[in-house]
Amino acid sequence: ACICAILVTLLDTRTVPGELKWAANPAEGGWEEVSIMDEKNIPIRTYQVCNVLEPSQNNWLRTDWIPPSGAQRVYVEVKFTLRDCNSLPGVTGTCKETFNLYYHESNEDRESYIKESSFIKVDTVAADESFTQVDVGDRIMKLNTEVRDVKITVKKGFYLAFQDVGACIALVSVRVFYKTCPLTVRNLATFPDTVTGADTSSLVEVRGSCVDQSEEKEVPKMYCGADGEWLVPIGGCLCKPGYEEQSGACKACSAGFYKSKSSDAGCSKCPPHSRSLRDGANVCDCHTGFFRADADPPSMACTRKSADTQTVNTEAKALTKNRTLCLPCGSDVLFSPDQTGLLTNRVVVSKLRAHTHYSFIVHARNGVSQVSGAGASQSASVSLTTNQAAPSPVSSIQLTDVTRHSLSLAWQQPDRPNGVILEYEVKFYEKDQRERSYRIMRTFLRSVDVAGLNPLTVYVFHVRARTAAGYGEYSAPFEFSTNSDPFPLIGEGVNSAFLLLSVSGVGILLLISAAVFIISRRRSKYSKTKQDVEEEKHLNPGVKIYVDPFTYEDPDQAIHEFAKEIDVSSIHIERVIGIGEFGEVCSGRLRAQGKREIYVAIKSLKAGYSDKQRRDFLSEASIMGQFDHPNIIRLEGVYVDLCKHDGQFTVIQLVGMLRGIASGMKYLSDMSYVHRDLAARNILVNSNLVCKVSDFGLSRVLEDDPEAAYTTRIPIRWTAPEAISYRKFTTASDVWSYGIVMWEVVAYGERPYWDMNNQDVIKAIEEGYRLPAPMDCPVVLHQLMLDCWERERADRPSFSQILNMLDKLIRNPGTLRLGSEVCVSVAPEVCVPQWSLYDWLQPIGLERYRDVLAAAGYSSLDSLLALTHQ
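If you count the sequence shown from 1, position 143 lands on 143 in the UniProt record's numbering, and the numbers rise without skipping.
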């Protein structure tokens with residue numbers, strides 16, 4: 001079981017009596033210490049600042065010196081409230097909704113002023129919930145709680161600092177603590193209270209000490225994890241002889257009990273004719289007149305005469321067929337638990353022949369005969385004749401003939417008839433009836449002709465044999481189907497290997513597949529199952545028959561037949577509600593053309609799926625698409641996106657798609673529109689791979705001021721850093737988003753930053769991390785992505801420059817070779833090498849025209865410029 005971490009508090013402002021008196025810079029006009037009442041009406045000291053009308057704010061607040069008490073990583077919990085900038089009129093461009101957390105290590109508490117350059121940034125902290133003036137009137141301000149960790153490894157103590165850059169914020173409480181793995185006992189070893197390591201992934205190895213009256217089996221070790229939990233217990237201790245484990249300690253065995261070895265599970269009661277008179281015994285002493293042999297273990301009962309048997313050997317002999325001679329039984333006769341060395345007075349003998357005379361001799365040996373002076377061994381014998389037995393089951397059944405209304409079957413004699421077979425009994429029934437209604441036939445032969453059957457129906461057969469001793473057990477079920485053809489499919493001259501096809505588990509259409517499959521393959525692309533369903537519909541007109549989609553060679557064919565494809569623009573995903581077998585399950589709304597909007601559940605296929613997962617996913621939709629009932633979940637439709645073509649497009653096609661998106665974004669930027677939500681999910685693609693930018697729900701017209709700021713909830717993975725931190729959305733932030741879209745297209749729909757959470761994405765980008773090149777991505781395309789992800793907005797290309805770059809790449813496809821060493825730039829002049837005519841034709845699949853062009857006088861790229869459309 002998990003033993004939770006212990007949190008050791010170093011600072012908690014809620015428990016500090018009186019004023020905090022932290023250092024503030026500037027001393028006036030910045031952070032202000034005030035008293036408020038907390039949720040329990042207890043007065044606490046807090047700091048607040050709200051200089052939202054003045055630009056370029058830089059207000060610092062520093063805590064007192066905090067000794068870490070041996071901790072190498074501490075945690076800072078900040079509870080705060082923050083005012084929504086939208087609720088403050090006239091603060092556009094000056095109001096912020098974040099603050100920064102810093103720390104500085106120091107050996108002594110002597111620093112009386114704040115030296116900003118000496119502090120190291122921990123994180124930019126944003127509020128999940130902000131309040132407005134209305135909230136203040138109702139006294140329902142939202143309280144945010146954020147926790148950050150800080151690595152302390154150099155000095156004896158540290159300071160924390162909070163930087164305000166223009167927010168309206170109040171620090172309600174600040175708590176600093178570290179984690180320890182608590183004192184615990186595991187595998188009879190004690191592990192002391194241990195401070196966690198310096199890194200979030202570090203494990204501190206701790207050696208345990210064996211508890212009293214125990215000894216090491218293997219060196220006991222555990223690891224203290226960064227979260228304060230003990231992990232990976234290794235080794236442990238065992239209670240010494242005479243002691244057993246109870247509630248994590250070693251307790252002495254009571255009188256009358258013993259434990260001889262530390263590896264024994266626990267104390268055992270003294271064996272017969274022995275006793276222990278004290279606690280903690282490791283062996284029980286024999287009563288007077290009773291003994292143990294030297295080789296006897298402590299668990300052996302004490303004995304005094306040969307009748308108290310130590311081991312038993314059993315010998316069996318069987319009478320020959322002429323009943324005149326007994327011979328030793330062979331290895332086919334089984335003794336359980338064994339034939340020799342028995343410590344009990346019971347043995348089970350099996351695999352005997354029926355109606356046979358056997359003689360058994362039991363030899364008993366006493367282990368203490370020499371010690372007690374008693375006799376060495378005794379023996380006894382018994383003779384008996386086994387009864388007649390029923391025969392063993394029939395092992396296999398073969399189909400010898402089949403028609404529309406009859407089946408002919410044959411089988412071999414049971415492996416162990418146990419006498420003369422008097423007759424065979426055949427039980428059969430329709431598979432769908434599941435033995436609710438069956439028929440019986442009896443025969444003296446090892447074959448039977450079953451007539452009066454329904455056409456194209458699967459029947460289940462069981463066969464058993466009877467001797468004078470009675471019926472044996474039925475054979476395993478064997479399934480065979482009648483034919484739909486009035487002429488026999490299998491008759492005389494058929495290869496016997498083919499007849500063995502009909503074994504347990506063979507499907508209903510096995511027998512007709514050989515006749516129908518080739519014909520149907522020649523006539524159309526429909527599967528065998530589809531033809532069989534048509535026969536079922538003919539036999540049962542008006543009844544809709546379920547078709548198993550797994551019988552289709554191509555799952556896309558089943559999807560097109562049983563499910564309708566819907567336009568992705570009619571789907572609105574609202575939130576994730578769970579995780580299914582194939583990917584996320586979301587709730588949302590569907591607004592099909594000409595129909596009212598309905599609420600739906602949306603199942604998705606996760607990225608990186610295998611061919612089997614895709615087939616299973618589409619087959620599930622094909623199954624659901626065949627059902628229509630008020631109490632069965634209804635399939636509204638399917639949408640198959642670009643991911644199904646993973647790896648099927650050429651680089652030129654992908655670049656062409658990216659060019660279309662860039663062209664659309666250039667048009668929007670020329671009209672002073674900022675999209676704010678550019679992502680692959682908002683790009684619609686038609687059958688000709690023409691891309692159209694859509695979803696303008698977050699778009700805003702740029703005002704005259706290109707630095708205008710907007711506030712709203714934003715898609716972190718696609719958004720530029722300045723838009724996240726300062727809510728500044730411009731055409732340059734759309735260029736950042738375009739770089740993410742490029743990565744999505746070349747990666748065939750992979751999720752940007754994979755499973756990283758939003759906070760990790762923000763931190764990684766701030767530290768300079770950028771997405772690596774997708775598989776098989778040309779160098780020039782990844783470099784263009786990196787240009788779009790420049791930290792400074794002014795360093796990013798414009799959409800006009802991006803469009804020119806993509807046009808030149810399309811005109812020079814050799815530059816798109818994987819790993820090409822080319823000079824890459826988004827400047828108007830792009831540096832590319834000179835290519836031969838073949839180098840230009842080969843990447844676009846037209847190399848076969850090289851000789852034709854050369855014969856017509858076109859031998860270089862320059863000469864191709866003279867070509868006309870005709």
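Note that CB positions come from ideal geometry on N, CA and C, so glycine has one too. For clarity, every value in this text was computed on a predicted model and none was experimentally measured.
Please look up how many angstroms separate the CB atoms of residue i and residue j, rounded, as I've assumed it's under 8 Å.
| i | j | result |
| --- | --- | --- |
| Lys259 | Cys250 | Contact flag wrong, Cβ pair sits at about 10 Å. |
| Leu10 | Val74 | 7 Å |
| Pro297 | Cys284 | That pair is no contact at about 12 Å. |
| Glu97 | Ala127 | 6 Å |
| Val147 | Ala71 | Actually they do not touch by this definition, with Cβ atoms about 15 Å apart. |
| Ser619 | Pro555 | 6 Å |
Let me know if residue i comes out buried or exposed under the rule of 16 or more other beta-carbons within 10 Å of its beta-carbon.
| i | result |
| --- | --- |
| Asp862 | exposed |
| Pro68 | buried |
| Ser263 | exposed |
| Lys475 | A small correction: the amino acid at residue 475 is Ser; Lys does not occupy that position in the sequence shown. Counting Cβ neighbours within 10 Å, Ser475 comes out buried, since at least 16 surround it. |
| His287 | exposed |
| Ala170 | buried |
| Phe444 | exposed |
| Gly493 | Residue placement at Gly493 is poorly supported in this model, since its pLDDT is 33, which falls under 50; the coordinates still yield a value, given next. Looking at its Cβ environment, which holds fewer than 16 other Cβ atoms inside 10 Å, Gly493 is exposed. |
| Trp743 | buried |
| Leu539 | Any reading at Leu539 must be qualified, since the residue scores a pLDDT of 47, below 50, and its modelled position is unreliable; the value itself is stated next. Exposed. |
| Arg45 | buried |
| Lys261 | exposed |
| Ser395 | exposed |
| Gly375 | Because the pLDDT of Gly375 is 46, which lies under 50, any placement of that residue in the model is unreliable, and the number read from its coordinates should be weighed accordingly. So Gly375 counts as exposed. |
| Arg796 | buried |
| Ser117 | exposed |
| Pro17 | exposed |
| Trp60 | buried |
| Ile519 | Confidence in Ile519 is poor, its pLDDT being 19 and thus under 50, which makes the residue's placement too unreliable to answer from. |
| Asp760 | exposed |
| Arg346 | exposed |
Does residue i come out as helix, strand or coil in the three-state DSSP assignment?
| i | result |
| --- | --- |
| Leu853 | helix |
| Thr9 | strand |
| Lys79 | strand |
| Lys142 | coil |
| His357 | strand |
| Ile440 | strand |
| Asp807 | helix |
| Cys85 | helix |
| Ser214 | strand |
| Pro772 | coil |
| Leu489 | Low confidence applies here, because Leu489 scores a pLDDT of 35, under 50, leaving its location unreliable and the question unanswered by this model. |
| Met37 | strand |
| Ile724 | helix |
| Ala380 | strand |
| Glu829 | Reliability fails at Glu829, whose pLDDT of 38 lies under 50, so the model's placement of it is uncertain and the value that follows must be treated cautiously. The answer is coil: DSSP assigns Glu829 none of H, G, I, E or B. |
| Ile683 | strand |
| Phe627 | coil |
| Asp401 | strand |
By DSSP's criteria, residue i is part of a beta bridge. Which residues make up the other side?
| i | result |
| --- | --- |
| Ser587 | Arg575, Ala601 |
| Val394 | In the DSSP output, where bridge partners are listed per residue, Val394 has none listed. |
| Leu453 | Looking at the DSSP assignment, Leu453 forms no beta bridge with any residue, so it has no partner. |
| Arg793 | According to DSSP, which records beta bridges pairwise, Arg793 is partnered with nothing at all. |
| Lys221 | Arg207, Ile234 |
| Ser447 | Ala410 |
| Trp60 | Asn25, Gln163 |
| Ile802 | None; Ile802 has no bridge partner. |
| Glu32 | Gln48 |
| residue 902 | The structure shown has nothing for residue 902, since the chain only spans 1 to 870. |
| Gly313 | Correcting the residue identity first, residue 313 is Asn in this sequence and not Gly. Asn313 is bridged to His363. |
Please tell me whether, using a cut-off of 6 Å, the distance from the CB of residue i to the nearest non-hydrogen atom of the ligand MG is below it.
| i | result |
| --- | --- |
| Ser112 | Absence of the ligand MG is noted for the structure shown, with no ligands found whatsoever. |
### Query
Does the stretch 679 to 697 come within contact of the stretch 653 to 665, defined as at least 3 CB pairs closer than 8 Å?
yes
### Query
Is it a yes or a no for the stretch 619 to 627 touching the stretch 767 to 775, going by three-plus beta-carbon pairs under 8 Å?
no
### Query
Does the stretch 458 to 465 come close enough to the stretch 425 to 434 that 3 or more CB-CB pairs lie under 8 Å?
The stretch 425 to 434 and the stretch 458 to 465 touch, with no fewer than 3 CB-CB distances between them shorter than 8 Å.
### Task
Evaluate contact between the stretch 20 to 28 and the stretch 81 to 92, counting only Cβ atoms and requiring at least three cross-stretch pairs below 8 Å.
No: fewer than three Cβ pairs fall under 8 Å.
### At least 3 beta-carbon pairs within less than 8 Å: the stretch 409 to 426 vs the stretch 441 to 455
yes
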